[in-house]
Amino acid sequence: MTTQSPPVVPAETLTAVWLTAEGLEAALMDYVDLLAACIDGGASIGFLLPVAQSRLEQYWRAVAVAVAADERRVLGLCLDGRLAGSVQLGLSMPQNGAHRVDLGKLLVHPWARGRGLSRLLMQAAEGEARRLGRSLIVLDTEEGSLAESLYPRFGYQEAGRIPDYACNPGGTLHPTVLFYKRLKPA
Numbered sequence: 004m005t006t007q008s009p010p011v012v013p014a015e016t017l018t019a020v021w022l023t024a025e026g027l028e029a030a031l032m033d034y035v036d037l038l039a040a041c042i043d044g045g046a047s048i049g050f051l052l053p054v055a056q057s058r059l060e061q062y063w064r065a066v067a068v069a070v071a072a073d074e075r076r077v078l079g080l081c082l083d084g085r086l087a088g089s090v091q092l093g094l095s096m097p098q099n100g101a102h103r104v105d106l107g108k109l110l111v112h113p114w115a116r117g118r119g120l121s122r123l124l125m126q127a128a129e130g131e132a133r134r135l136g137r138s139l140i141v142l143d144t145e146e147g148s149l150a151e152s153l154y155p156r157f158g159y160q161e162a163g164r165i166p167d168y169a170c171n172p173g174g175t176l177h178p179t180v181l182f183y184k185r186l187k188p189a
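In our numbering, the protein residues as written are 4 to 189.
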């Protein structure tokens, strides 16, 4: 028995854009929907159920402010003209950490899963980090989550685990797994 990788969507159906603050504000409700769908699906990405739409709007508006301040990058990935996924790079680091980025909110809408979009988002994030002269990506994810199984396939190394780090959307404390990846120069 052989296993196959999920099919990758043909490039002509995809559009990927690093958003400006104005672009994020213009598509705010699409990003709210994406985030809500992932939370409703059990993704541990900083919110507890039930989460009010106003809280999700407030979150994305704060992200737009960080994008405008050049402290964060947000990539939107559309499939057939519909927002299918997103990933963020946190750029605001202390002076002694200016060589790294914090990867966060790797989101793929439930209707778009199984098409290789996570891999495309990660490749784009790594490319942008390299373009910015960064040589290290760090991230954390809930232990036992789907995301935990994805990152090693993308070349990330486990750095450790922290017990009772955060609550899942249902409010139960879970450990987190820390990952990193050293980037080769562009």
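Every residue, glycine too, gets a C-beta built ideally from N, C-alpha and C.
Residue i versus residue j: straight-line alpha-carbon distance, rounded
i	j	result
A132	V77	12 Å
A189	G130	8 Å
A24	A162	33 Å
W63	L86	15 Å
I140	W21	18 Å
T175	G136	38 Å
P113	D43	10 Å
F157	L17	20 Å
V151	Y183	Residue 151 is actually Glu in this sequence, not Val. If you take the alpha carbons of E151 and Y183, they lie about 12 Å apart.
A101	K187	16 Å
V35	Q56	7 Å
Q7	P97	With a pLDDT of only 47 at Q7, under 50, the local geometry of the prediction cannot be trusted, and no value is derived from it.
T5	R103	The predicted model places T5 with a pLDDT of 43, which falls under 50 and marks its position as unreliable, so this point remains unresolved.
D33	N99	36 Å
V90	H177	22 Å
R58	L37	14 Å
Which residues DSSP lists as bridging residue i, in chain order
i	result
S89	G79 and L110
C170	L176
Q160	Y183
T23	Answer by DSSP bridge pairing: none, since T23 is not bridged.
R118	Per DSSP, none; premise fails for R118.
L58	It is Arg, not Leu, that sits at residue 58 in the sequence shown. R58 is not bridged to any residue.
M145	A small fix is needed here, since residue 145 is Glu in this sequence, not Met. Paired residue(s): T179.
V35	In DSSP, V35 forms no bridge with anything.
Member of the options whose CA lies at the smallest distance from the CA of residue i
i	options	result
T179	D143, G26, L153 and L92	D143
D83	R118, V90 and V66	R118
V54	A67, A40, V66 and A65	A40
V66	M96, G26 and R134	G26
Q126	Y159, C170 and E28	Y159
Contact check, residue i vs residue j, beta carbons under 8 Å
i	j	result
A253	L92	Nothing can be reported for residue 253: it is not among the residues displayed for the chain, which extend from 4 to 189.
P172	L80	no
L31	E74	no
G88	A115	yes
S138	R185	yes
is_contact[residue i, chain D] using C-beta, thresh 8 Å
i	result
Q98	Among the chains of the structure shown, chain D does not appear; only one protein chain is present.
- Task: Indicate whether the contact test is met: 3 or more Cβ pairs, each with one atom in the stretch 116 to 126 and one in the stretch 163 to 175, closer than 8 Å.
- Result: At 8 Å Cβ cutoff, the stretches do not touch.
- Task: Evaluate the contact criterion for the stretch 38 to 49 versus the stretch 106 to 118: three or more CB pairs, one atom per stretch, below 8 Å.
- Result: Put simply, the stretch 38 to 49 touches the stretch 106 to 118. At least three CB pairs are less than 8 Å apart.
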